Amino acid sequence: MELSEQGSDSEFYEIDCPVCDDGKKHKAKILRKMERGNRIIMEVECEDCSSKGIIQIFKIAGVEIYDF
Ligand SMILES: [Zn+2]
Numbered sequence: 023m024e025l026s027e028q029g030s031d032s033e034f035y036e037i038d039c040p041v042c043d044d045g046k047k048h049k050a051k052i053l054r055k056m057e058r059g060n061r062i063i064m065e066v067e068c069e070d071c072s073s074k075g076i077i078q079i080f081k082i083a084g085v086e087i088y089d090f
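Just add 22 to wherever you are in the sequence shown, counting from 1, and you've got my numbering.
In structure tokens, the structure reads:
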């Protein structure tokens, strides 16, 4: 498993936040990011509700799975 820590250089990702749940895209700060085969797994924090969660992105299908 490869794990890269993000320092103060913030990276952001647009998510359909399941906590805000308003059908809009929310900006989330990427806390951690790792790649495993055809998946990207990111730990993110929603800028609007401050919830932290995990997003798995399947690169081939383009499917995103949220775990908040
Ligand atoms: Zn949110």
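Yeah, the Cβ is synthetic: ideal placement off N, Cα and C, and Gly gets one too. As the structure is a prediction and not an experimental result, all values here were calculated from the model.
Subject >> Residues near ligand 1, criterion Cβ-heavy atom distance below 7 Å >> reply: Cys39, Val41, Cys42, His48, Cys68, Asp70, Cys71, Ser73
**OP:** May I ask you to list the residues that DSSP assigns as paired with Gly75?
**Re:** Val66
**OP:** For Val85, name the three-state secondary structure that DSSP assigns.
**Re:** strand
Original post:
Using the rule of at least 16 other Cβ atoms within 10 Å of the residue's Cβ for burial, across every protein chain shown, is Ala83 buried or exposed?
Top reply: exposed
Original post:
Can you give the beta carbon distance from Lys46 to Phe34, rounded, assuming they're within the 8 Å contact cut?
Top reply: Actually they do not touch by this definition, with Cβ atoms about 15 Å apart.
Original post:
Exposed or buried, what is Met64 when buried is set at 16 or more other beta-carbons lying within 10 Å of its beta-carbon?
Top reply: buried
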